[in-house]
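>
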Amino acid sequence: MKNEKHSAASSEAHKALGTIQQMKGAAMRRATPPRWFGPLIALLSGSLVSLSAADLRQYTVLIILLMILVISYQRQETRVSTIIFPVKTAVVGLIILVPLFFLLIIVAQLLRESLGHVSASLLCGGIFSVLMYLLSLVERHWYNKINVETV
Amino acid sequence: MKTYRFDKIIHAPNRLQICAFLVQLEEAEFQLLRAELAVSDSVLSKHIKSLEEAGYVAVVKRRDFGHRRTWVSLTSAGRGAYTEHVKELKRIVESH
Numbered sequence: 001m002k003n004e005k006h007s008a009a010s011s012e013a014h015k016a017l018g019t020i021q022q023m024k025g026a027a028m029r030r031a032t033p034p035r036w037f038g039p040l041i042a043l044l045s046g047s048l049v050s051l052s053a054a055d056l057r058q059y060t061v062l063i064i065l066l067m068i069l070v071i072s073y074q075r076q077e078t079r080v081s082t083i084i085f086p087v088k089t090a091v092v093g094l095i096i097l098v099p100l101f102f103l104l105i106i107v108a109q110l111l112r113e114s115l116g117h118v119s120a121s122l123l124c125g126g127i128f129s130v131l132m133y134l135l136s137l138v139e140r141h142w143y144n145k146i147n148v149e150t151v
Numbered sequence: 001m002k003t004y005r006f007d008k009i010i011h012a013p014n015r016l017q018i019c020a021f022l023v024q025l026e027e028a029e030f031q032l033l034r035a036e037l038a039v040s041d042s043v044l045s046k047h048i049k050s051l052e053e054a055g056y057v058a059v060v061k062r063r064d065f066g067h068r069r070t071w072v073s074l075t076s077a078g079r080g081a082y083t084e085h086v087k088e089l090k091r092i093v094e095s096h
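For the protein sequence lines, the chains are R and W, in the order given. With the numbering used here applied, the first sequence covers 1 to 151. With the numbering used here applied, the second sequence covers 1 to 96.
1. What does D97 (chain W) reach in chain R if we use C-beta pairs closer than 9 angstroms?
2. Please check if any C-beta of chain R sits within less than 7 angstroms of the C-beta of A20 (chain W).
3. Rounded to whole angstroms, what is the Cα-Cα separation between I105 (chain R) and E36 (chain W)?
4. Quick one: grab the DSSP three-state call for L56 (chain R).
5. Using a 10 Å radius around the Cβ and a threshold of 16 neighbouring Cβ atoms, would you call W36 (chain R) buried or exposed?
6. Out of curiosity, what's the CA-to-CA distance linking F101 (chain R) and E53 (chain W)?
7. Starting from the C-beta of W71 (chain W), find all residues in its chain whose C-beta is less than 8 angstroms away, skip the five residues before and the five after it, and write them out in chain order.
8. Please confirm whether G116 (chain R) and V49 (chain R) have their CB atoms less than 7 angstroms apart.
9. Tell me, please, whether the CB atom of E39 (chain W) is closer than 7 angstroms to any CB atom in chain R?
10. Please go through the region 55–128 of chain R and give each complete alpha helix (DSSP H) segment of 4 or more residues, from N-terminal end onward.
11. Residues in its own chain within less than 7 angstroms of F21 (chain W) by CB, not counting five upstream and five downstream?
12. The beta strand (DSSP E) that contains A81 (chain W), what's its start and end?
13. Judging by CA-CA distance, which residue of W:R5, W:S76, W:G66, W:V39 is the nearest neighbour of Q17 (chain W)?
14. Does the distance from the CB of A120 (chain R) to the CB of L131 (chain R) come in under 7 angstroms?
15. For the candidate residues R:S7, R:L135, R:Y73, R:A27, whose alpha-carbon lies nearest to that of L94 (chain R)?
16. What is the DSSP secondary structure of A9 (chain R), counted as helix, strand or coil?
17. List the residues that DSSP assigns as beta-bridge partners of A58 (chain W).
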């Protein structure tokens, strides 16, 4: 009798764990950003570097507003917001990205003499865009990995 | 063997699904949760109310892009209770 009770509890717990895995997988599928999101954010971030390096800072506000709009729209589309990255990873990412952003602006200004005003700004903006795009690919890979683990 | 807290509020199938869906998210929209659980609005509202009364979820209504939407998130108490509950389920399965 006691054994039967234990067996029923174990089977119920097993079933519950299965449901949990299924729902976690569903959440991660929903949370995966659409394919256009990474390249668009990368492009906008690169534009931010290019405009700042080209002394067109008055237009950076527009790019920032556009980025906020894109992020909000993406959130409305997926109808979830995630905490997929551990706080430590996010902090390390910011510590690397923020100085890199300013470093590229300085590099672009230093390269003006040799490459020209427009080319130097575009080159450094392009480098930042590529880095951001690579980061978005890492993020997508992260989501896919969790999807595989939870299914 | 260490035992964890088996939570009767969380263990109800739909409520367990809600917590499992929300645990890796910051928040999710009510209608999305309803679609994932394949339940009616009233059933989901009832379960969310139970979880809210227990302090496990927080509900916020916001107007986004002209649409009034309800967002649900797990509170830290909810995350704690859910984690304990899952550990207890694993212990039950492993002990048998």
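For every residue, glycine included, the Cβ atom is placed at its ideal position computed from N, Cα and C.
Looking at the coordinates:
1. Absent from the structure is residue 97 (chain W), since the part of chain W shown begins at 1 and ends at 96.
2. True, the Cβ-Cβ gap to chain R drops below 7 angstroms.
3. Straight-line spacing of the CA atoms in I105 (chain R) and E36 (chain W) works out to 45 angstroms.
4. The answer is coil: DSSP assigns L56 (chain R) none of H, G, I, E or B.
5. Exposed.
6. The alpha-carbon atoms of F101 (chain R) and E53 (chain W) are separated by roughly 46 angstroms.
7. Once the five neighbours on either side are set aside, the close Cβ partners of W71 (chain W) are E27, A28, E29, F30, V59, V60, K61, R62.
8. Note that the C-beta distance between G116 (chain R) and V49 (chain R) is not below 7 angstroms.
9. This sequence places Val at residue 39 (chain W); Glu is not what is there. By this cut-off, V39 (chain W) is not an interface position.
10. Qualifying alpha helix (DSSP H) stretches, in chain order: 60–78, 87–115.
11. Cβ neighbours of F21 (chain W) beyond the five flanking positions: A28, L33, E36.
12. No beta strand (DSSP E) holds A81 (chain W); the alpha helix (DSSP H) holding it covers 76–95.
13. Per the Cα distances, W:V39.
14. Contact flag unset, no.
15. The option with the nearest alpha carbon to L94 (chain R) is R:L135.
16. The DSSP-derived three-state label of A9 (chain R) is helix.
17. Looking at the DSSP output, A58 (chain W) sits in a beta bridge with W:S73.
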